[in-house]
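S.K.: Residue numbers for the sequence shown follow the numbering used here, so the first one is 62 and each next one is one higher.
Here a beta-carbon is modelled for each residue, glycine too, at the ideal position from N, C-alpha and C.
As the structure is a prediction and not an experimental result, all values here were calculated from the model.
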Amino acid sequence: MSQGLTLLSKKSVIEFLEPEKRFLTTARCPSLQRIDRHVPLRLDSLEFYDWGIVINGLSYRLREDRLIFNNQVPRRLPVNFPVALKMLHDYWLTGRKVCANSMVFRLENDENILIPQSPMFKIRTLDSGNLDLDLLIPLIDSSILPLKELRVNLQRSPRFGEHCEISRKLIVTDHENALPLVSRVLAQPEVKSVVLERAPEFNDGWNLNT
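1. Short of 7 Å in beta carbon distance, which residues of its chain neighbour residue 176, apart from the five on each side in sequence? Order them along the chain.
2. If you draw a straight line from the C-alpha of residue 74 to the C-alpha of residue 89, how long is it?
3. Looking at residue 234 and residue 45, is the spacing between their C-beta atoms short of 7 Å?
4. How many Å lie between residue 121 and residue 174 at the Cα?
5. Tell me whether residue 181 sits in a helix, a strand or coil according to DSSP, three-state version.
6. Which residue comes first and which comes last in the beta strand (DSSP E) that contains residue 51?
7. Within 10 Å of its beta-carbon, does residue 166 have 16 or more other beta-carbons around it, so buried, or fewer, so exposed?
8. Could you tell me which whole alpha helix (DSSP H) segments of length 4 or greater appear in the segment 68–93?
9. On the premise that residue 107 lies in contact with residue 164, defined as a C-beta separation below 8 Å, what is that separation, rounded to the nearest angstrom?
10. Ignore the nearest five residues each way along the sequence and tell me which others in residue 83's own chain have a CB closer than 7 Å to its CB.
11. Which one or two residues does DSSP pair with residue 230 in a beta bridge?
12. Let me know the alpha helix (DSSP H) ranges lying completely inside the segment 91–126, each 4 residues or longer, listed in chain order.
13. Which whole-angstrom value is the C-beta distance of residue 161 and residue 198, which I expect to be below 8 Å?
14. Report back the beta-carbon spacing between residue 93 and residue 71 to the nearest angstrom; my notes put them in contact at under 8 Å.
15. Per DSSP, residue 166 is paired with what?
16. Are residue 225 and residue 246 closer than 7 Å when you measure CB to CB?
17. Apart from the five residues on each side of it in sequence, which residues of its chain come closer than 6 Å, Cβ to Cβ, to residue 181?
Now the structure itself:
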């Protein structure tokens, strides 16, 4: 009788499965569940929204529908929406080593950053959206720095000057009053290119190279 796959073989199979197939497979196999979180999760893209997360273009979305009958609001979820959203993030990310080509944040405010503290993300590009970059840097594995590309809102990241060396290419999403800081950034040897997105003089923005 065949003894099946060795532990090392199981880890190799899990690591290189497409994420959605991996989640479905491990959910149905207790022996794989025990090792799943010890195997790196390799992704093309990871995006965070107020309503959930998107992994490789596949959305995992929560929505709360409230229907009022006789002055009562029944809930479909056993907990309120923020707690349920935190549970969703914990399920996919807690205890995992995540390696992603790109990570994107599309959150309205920093209160919706529900990422567990344990993961350290190995990423190539980061889009911080309208969040303060200070809140996201602790999530990044420092061994992969500098990033290939960083998109940032400087007005939302007042201390960016202290972190400008973390990326070779910088895309500034708010060009107003950004030139003085951009000049200082270009003096950093790690930064090879700065793009001012949606700059008024050029439809494609300014591209400043060192």
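M.R.: Here's the rundown:
1. Position 115 of the sequence shown, counted from the first residue, corresponds to residue 176. Contacts found: 150, 154 and 200.
2. The count along the sequence shown starts at 1 and reaches residue 74 at position 13. The count along the sequence shown starts at 1 and reaches residue 89 at position 28. Each residue's Cα considered, the two are about 15 Å apart.
3. In the structure as shown, the chain starts at 62 and stops at 271, and residue 45 therefore has no counterpart that could be examined.
4. Translated into positions along the sequence shown, residue 121 becomes position 60. Translated into positions along the sequence shown, residue 174 becomes position 113. Cα to Cα, the separation comes out at about 16 Å.
5. One-based indexing of the sequence shown puts residue 181 at position 120. In the structure shown, residue 181 sits in coil (DSSP, three-state: anything other than H, G, I, E or B).
6. Shown here, the chain extends from 62 to 271; a query on residue 51 therefore has no answer.
7. Taking the sequence shown and counting its residues from 1, one reaches residue 166 at position 105. The residue in question, residue 166, is buried, as its Cβ has 16 or more Cβ neighbours within 10 Å.
8. 68–76 and 80–88
9. Taking the sequence shown and counting its residues from 1, the one referred to as residue 164 is at position 103. Taking the sequence shown and counting its residues from 1, the one referred to as residue 107 is at position 46. Right, the Cβ-Cβ distance comes to about 5 Å (below 8 Å), so this counts as a contact.
10. Working through the sequence shown from its first residue, we reach residue 83 at position 22. Excluding sequence neighbours, residue 83 sits near 75.
11. Within the sequence shown, the letter at position 169 stands for residue 230. Answer is 254.
12. Correct list: 91–97.
13. Stepping through the sequence shown from its first residue, residue 161 is reached at position 100. Stepping through the sequence shown from its first residue, residue 198 is reached at position 137. Between the beta-carbon of residue 161 and that of residue 198 there is about 16 Å, and that puts the pair past the 8 Å contact cut.
14. Looking up residue 93 in the sequence shown gives position 32. Looking up residue 71 in the sequence shown gives position 10. With 8 Å as the limit, residue 93 and residue 71 qualify as a contact, their Cβ atoms being about 6 Å apart.
15. Along the sequence shown, read from residue 1 onward, the residue named residue 166 stands at position 105. DSSP lists 109 as partners of residue 166.
16. Residue mapping note: residue 225 aligns to position 164 of the sequence shown, counting from 1. Residue mapping note: residue 246 aligns to position 185 of the sequence shown, counting from 1. It is a contact, given that the beta carbons lie within the stated cut-off.
17. Locating residue 181 in the sequence shown gives position 120, where the first residue counts as 1. Same-chain partners within the cutoff: 202.
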